[in-house]
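Since the structure comes first, as C-alpha cells, the remarks are kept for the end.
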Amino acid sequence: MPNTHPTLAPYQIGALELRNRLVVAPMTRVSADSDGTPTADMAAYYRDFADGGFGLVLTEGTYTDTSHSQGYLNQPGLALEAHVKGWQRVVEAVHANGTPVIAQLMHAGALSQGNSYGSNTIAPSGIPPRGEMLEEYGGSGRWPVPKTMSVSDIATAVQGFVDAAARARSAGFDGVEVHAANGYLLDQFLTDYTNARDDQFGGTVANRIRLTAEIVREIRAASDDRFVVGVRLSQTKVNDIAYRWPGGAADAEVIFAALAQAGADYLHIASEGRDFIDTARLDNGRTITEVARTVSGLPVMANGGMHNLAQAADVLGGGHADLLSIGRAALANSDLPVRIAAGTEFESFDHTMLLPMATIANVRAWRARQTVR
Ligand SMILES: Cc1cc2nc3c(=O)[nH]c(=O)nc-3n(C[C@H](O)[C@H](O)[C@H](O)COP(=O)(O)O)c2cc1C
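Per numbering that gives the first Met the number 0, the sequence shown starts with residue 0, numbered consecutively.
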C-alpha cells in the first residue's frame, strides 16, 4: 500500500505547483568557483534532491552584490553575469524532472568572514557581533567590528537584492527567498541589540523590519506574478541560539503583517541550532509559525528536525505550517521523500560529514569512507 504521510500531499505557492510538502532547506556548501560561479558539481548536488523526490529546492545563501554582501569564500553569487550562467546549469538540472527551485538571496552584513570584493564589513550599527566565525565555512576567531551603514550603503544593499533577483529570473529560477534569518544583515536590522539606529530603520519593531519589507516590495514590483518571492526569518542566529524576539507574539504579528503587506508569497521560519519546538513555541502557548499563518494568510514553511515524521505530521495537521524544510537529514538522505513514500529507514546525519569544511566534496569523501567500512 502506498504511504500516505501528510508530508507527501501536493501543495501550491502562487502559481508554483509542488508535488509534496518537503522542501530542501538552504544550505551553504562553499563549493563555488573562487569568483562565485556555481560549478557542474553543484548542479549534480542539487539535481540529486530533485531526483530524490523533494517538492521544492531552496539554494544555499547566495550573495547579492560586489560590495559587502559576500559572507564566505567560495560562496556562490548572483552579482555578475558569470554567476547567472553557472546557475542556469543548476536550474536546468533541478528542472529536468519538473522540480521547482528558488534562490536564497543573502547579505552577510557583520557576519561576513570572507569577501573577495573587500575586507571591511557593514551593519546597521557599529556593534561587535557576538560569538566567533564559523570554521565549517572557512573562518576562525572574532568577526571584525562593522562600519555603521550610511543611507547610501543601505541603498546599495537594497539595489543588490533587486538586481540579484533580476539575475535569478534570467537564470530561470522560479523565485527568490530573501534571507532575513540566522543573524545576517537583514536579521541584524531586526534584532534589538545589533540595531541602535535612530532613523526609520531603527527603534520600534515596525522600523526594524522595514528594510526587509522594502526589499520584498521592490523585488515584487519588478517581477511578474508567477515569480515567487519568499522571506526567511528566525529568532535564533548562527551566533546566538538563545535569542527570542523580545515582544514575543506581539513582535511576530508586526513582522509578519509587514511582510504580507509588502507582497511576500510565503514565509519560512528557520530554527537555527535548535529543533522546531524549542524555537517556535511562544509564551502564550501558540507557535510562531501558526501566528505567521494566521496573521499573513500566506503559505508558511516550518523548519528544525522535520525528518521526525511524527512532529512533521503534528505541524502540518495542527495548522502550524503548510510546508516543511529539511536541512541536515536531506544531506544524509537526498532521497528522503522517496524513502518516506516507501517506508524505508533514513540514514542518520553525522556532523563529521561537514568537516573540515561543509563542502560538497567533503560530504562525498565522507560517503566513500562509509562504503569502504
Ligand atoms: C551545512 C549547513 C549550511 C546551512 N546554510 C544555510 C544557508 O545558507 N541559509 C540558511 O538560511 N540556512 C542555512 N542553514 C540552516 C538550515 O537551512 C536549517 O535551518 C537548519 O539546518 C535546521 O534544519 P534541520 O534540523 O532540518 O537541519 C544551514 C545548515 C547547514 C547544516
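C-beta atoms are modelled at their ideal positions from N, C-alpha and C, and glycine is treated no differently. All values reported here derive from a predicted model rather than from experimental measurement.
- Between the alpha carbons of residue 303 and residue 356 lies a distance of about 22 Å.
- In this structure the region 70–89 does not lie against the region 185–199, because fewer than three pairs of beta carbons, one per stretch, are closer than 8 Å.
- Taking each of 189, 177, 315 and 204 in turn and checking the Cα distance to residue 216, the smallest one comes out for 177.
- In this structure, residue 294 sits near residue 255, with a CB-CB distance shorter than 8 Å.
- Every beta strand (DSSP E) stretch that sits fully inside the region 213–239 and reaches 3 residues is listed by chain position as 227–236.
- Listed by position in the chain, the residues whose beta carbon lies within less than 6 Å of some heavy atom of ligand 1 are 24, 25, 26, 27, 59, 60, 103, 178, 180, 181, 231, 269, 270, 271, 302, 303, 304, 305, 325, 326, 327, 328, 353 and 357.
- The shortest CA-to-CA distance from residue 245 to any of 239, 234 and 238 is the one to 234.
- Residue state for residue 206 is assigned as helix, using DSSP reduced to three classes.
- Residues 106 and 108 of the same chain have their beta carbon placed closer than 6 Å to that of residue 184, with the five preceding and five following residues left out of the count.
- Annotation: the continuous beta strand (DSSP E) that includes residue 300 extends over 299–302.
- With a cut-off of 8 Å on Cβ pairs, the region 121–134 is not in contact with the region 39–46, counting fewer than three such pairs.
- Only exposed fits residue 84, as fewer than 16 other CB atoms lie within 10 angstroms of its CB.
- For residue 159, the enclosing alpha helix (DSSP H) covers residues 150–170.
- Taking 8 Å as the cut-off, the beta carbon of residue 172 is found no closer than this to the beta carbon of residue 218.
- Setting aside the 5 residues that flank it on each side, residue 111 is surrounded in the same chain by 70 and 120, each with a C-beta closer than 6 Å to its C-beta; the list follows chain order.
- Less than 8 Å separates the beta-carbon of residue 7 from that of residue 340.
- DSSP, reduced to helix, strand and coil, places residue 131 outside both helices and strands of the structure shown, so it counts as coil.
- Under the three-state reduction of DSSP output, residue 356 falls in the coil class, being neither helix nor strand.
- Here the alpha carbon of residue 263 sits roughly 11 Å from the alpha carbon of residue 220.
- Annotation for residue 184: the continuous alpha helix (DSSP H) segment containing it runs 184–189.
- Residue 292 is a Cβ neighbour of residue 318, given a cutoff of 8 Å.
- Buried is the label assigned to residue 194, since at least 16 other Cβ atoms lie within 10 Å of its Cβ.
- Annotation: residue 188 to residue 206 spans about 9 Å, alpha carbon to alpha carbon.
- About 4 Å separates the CB atoms of residue 22 and residue 55; that is less than 8 Å, so the two are in contact.
- Its chain contains 281 and 282 as the residues whose beta carbon lies nearer than 6 Å to that of residue 247, once the 5 sequence neighbours on both sides are disregarded; these appear in chain order.
- Residue 32 and residue 73 have their alpha carbons spaced roughly 6 Å apart.
- Around the Cβ of residue 223, a 10 Å sphere holds fewer than 16 other Cβ atoms; the residue is exposed.
- Nearest Cα to residue 190 within the set 140, 126 and 175: 126.
- Secondary structure note for residue 36: it is in no beta strand (DSSP E), with a DSSP letter that is neither H nor E.
- Around the beta carbon of residue 68, a 10 Å sphere encloses 16 or more other beta carbons of the protein chains shown; the residue is thus reported as buried.
- The alpha-carbon of residue 5 is positioned some 45 Å away from that of residue 116.
- In this model, residue 352 and residue 53 are separated by some 21 Å (Cα to Cα).
- In chain order, 78 and 116 place their CB closer than 6 Å to the CB of residue 65, counting only its own chain and leaving out the 5 sequence neighbours on each side.
- Distances from the CA of residue 332 to each of 320, 360 and 366 were compared; the closest alpha carbon is that of 366.
- Under the three-state reduction of DSSP, residue 16 is assigned to strand.
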